[in-house]
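Under my numbering, residues 2 to 137 are what the sequence shown spells out, in order.
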Amino acid sequence: MTSSLYPYLFATLGDAVERLPDDLAKALETTLGSTMRAHADEGITLLSCLQRIRHVDAADGQPWPDKGRKQCFGFAMARIDRANAGLTLLLELLHAIERLRVDGDADQQVGDDVREGLLLACRGLAEYVDVQLRVA
């Protein structure tokens, strides 16, 4: 099964759709599809958001530009873009916390556990970017 055969089901379950029997996947896709069509004029829905997110959304919420490459490249680049945006935000937050530590009031300080957690999150995101770059 692929996301193109069952786009609504894939948006809901992700890669777990691969473990469903084909007849069950078809029935669920039909149900989800009819629900989406019935509510299409109501604006944004949870399922439509999930579809857009799973359809290679980059950090800016837009699909990664195709440029004639394989879809797996777009997935990897969008993941790198999102992870990099998250890493940048965490580092900016860490920088602001450090400035407060040096120059701020005592009541605005955060604990060592928060700084350590931010550093670990940054390391984890940087390692994830490295893995995704190797995939791309």
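The beta carbon of each residue, even a glycine, is placed where N, CA and C say it ideally should be.
1. Going by CA-CA distance only, name the one from Q110, T89, Y9 and R100 that's closest to G125.
2. How is L120 classed by DSSP in three states: helix, strand or coil?
3. Quick one: residues in its chain with C-beta nearer than 7 Å to the C-beta of L29, no 5 flanking neighbours on either side, listed in chain order?
4. Report the residue from D104, Q63, C73 and G112 whose alpha carbon sits nearest the alpha carbon of V136.
5. Of the residues G69, A77 and L48, which one's Cα is nearest the Cα of S35?
6. Over what stretch of residues does the alpha helix (DSSP H) that includes P8 continue unbroken?
7. Among I98, R102, F76 and H96, which one has its Cα closest to the Cα of V130?
8. Roughly how many whole angstroms lie between the Cα atoms of E99 and V111?
If we stick to the structure as given:
1. Sequence index remark: in the sequence shown, residue 125 carries index 124 (1-based). T89 is the residue among Q110, T89, Y9 and R100 whose C-alpha sits nearest the C-alpha of G125.
2. Residue numbering aside, residue 120 sits at position 119 when the sequence shown is read from its first letter. Note: L120 maps to helix in three-state DSSP.
3. In the sequence shown, counting from the first residue as 1, residue 29 sits at position 28. These residues qualify, in order along the chain: L10.
4. Residue mapping note: residue 136 aligns to position 135 of the sequence shown, counting from 1. The candidate whose alpha carbon is nearest that of V136 is C73.
5. On the sequence shown, residue 35 is found 34 positions in, with the first residue counted as 1. Out of G69, A77 and L48, L48 has the C-alpha closest to the C-alpha of S35.
6. Looking up residue 8 in the sequence shown gives position 7. If you look at P8, you'll find it in the alpha helix (DSSP H) that goes P8 to L14.
7. What you label residue 130 is simply residue 129 of the sequence shown in a count that begins at 1. Closest option to V130, Cα to Cα, is F76.
8. Taking the sequence shown and counting its residues from 1, the one referred to as residue 99 is at position 98. Taking the sequence shown and counting its residues from 1, the one referred to as residue 111 is at position 110. Whole-angstrom Cα-Cα distance: 9 Å.
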